[in-house]
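J.:
In my numbering, the protein residues as written are 3 to 228.
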């Protein structure tokens, strides 16, 4: 299910930062191996190594995502859970397979949304819809994500579709591409950064709560019995 661990976050952040400084890289495609984009955070790794500081691997990845200057194209198939959905709010183009399924069950786990999603998601889909999805943990399909504007298109081969778009962008004048992305992001950048910091502080506190611990234990018990 491609659950994310500290080392994976570290690798993702390093890859983005290296690509940002490499002039030969015109665009980056984020994709996954296997049947699913990601199951979100690896709960066991998460409980053993809670991200409670701005210097954590999770925070470093989210900062790299927010500040990445070049186009980010995501190819999503199967489940995109938690950060698997919230990270898409930072991508410039998202291509999803017909079987893609999105969910942000933070509240269900006794936590709060992250990655600036409490700012970006309502701005994208409207407050009422965002609140319903966040507060109920409701999942949604690729066609629903397309209608919301979370994804750009549905393709039976999401990776091929994302690669095609990345190649089209790579053929454009590179500085014009970078400047255009910067202008598109400039209006909300500082607001998103501030919201990400606030989310992270509350998330870290919630992670230590009895409520979250109980929710995690229920999740692990359910997973073990399935």
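Beta carbons: idealized from backbone N, C-alpha and C, even for Gly.
Between which two residues does the beta strand (DSSP E) containing residue 4 stretch?
T.: For the purposes of this step, residue 4 is taken as residue 2 along the chain shown, with counting starting at 1. No beta strand (DSSP E) contains residue 4, which DSSP labels as neither H nor E.
J.: Nearest-angstrom Cα distance between residue 81 and residue 67?
T.: Here residue 81 is taken as the residue at index 79 of the chain shown, counted from 1. Here residue 67 is taken as the residue at index 65 of the chain shown, counted from 1. Spanning the two alpha carbons is a distance of roughly 20 Å.
J.: Once the 5 residues before and after residue 93 are set aside, which same chain residues still bring their CB inside 6 Å of it?
T.: Residue mapping note: residue 93 aligns to position 91 of the chain shown, counting from 1. Taken in chain order, the residues that qualify are 74 and 76.
J.: If you check the beta carbons only, do residue 102 and residue 127 fall under 8 Å apart?
T.: Along the chain shown, read from residue 1 onward, the residue named residue 102 stands at position 100. Along the chain shown, read from residue 1 onward, the residue named residue 127 stands at position 125. Against a cut-off of 8 Å, the Cβ pair of residue 127 and residue 102 comes out as no contact.
J.: Classify residue 244 as helix, strand or coil using the three-state DSSP reduction.
T.: The shown model of the chain, from 3 to 228, leaves out residue 244, and the question about it has no answer.
J.: Fully enclosed by the region 156–212, which alpha helix (DSSP H) runs are 4 residues long or longer?
T.: 160–172 and 176–209
J.: Please state the DSSP three-state secondary structure of residue 77.
T.: Your numbering for residue 77 matches position 75 in the chain shown. In the structure shown, the three-state DSSP call for residue 77 is strand.
J.: Quick check: what's the CA-CA separation for residue 152 versus residue 187?
T.: Numbered from its first residue, the chain shown carries residue 152 at position 150. Numbered from its first residue, the chain shown carries residue 187 at position 185. Rounded to whole angstroms, residue 152 to residue 187 spans 16 Å at the Cα level.
J.: What do you reckon, are the CB atoms on residue 53 and residue 206 nearer than 8 Å?
T.: Position 51 of the chain shown, counted from the start, is the residue given in the question as residue 53. Position 204 of the chain shown, counted from the start, is the residue given in the question as residue 206. Closer than 8 Å, so yes.
J.: Please return the same chain residues whose Cβ sits closer than 7 Å to the Cβ of residue 89, not counting the five positions on each side in sequence.
T.: Indexing the chain shown from 1 puts residue 89 at position 87. Taken in chain order, the residues that qualify are 67 and 117.
J.: Give me the residue from 24, 17, 31 and 95 with the minimum Cα distance to residue 62.
T.: As a first step, residue 62 must be located in the chain shown, where it is residue number 60. Comparing Cα positions, the closest option is 17.
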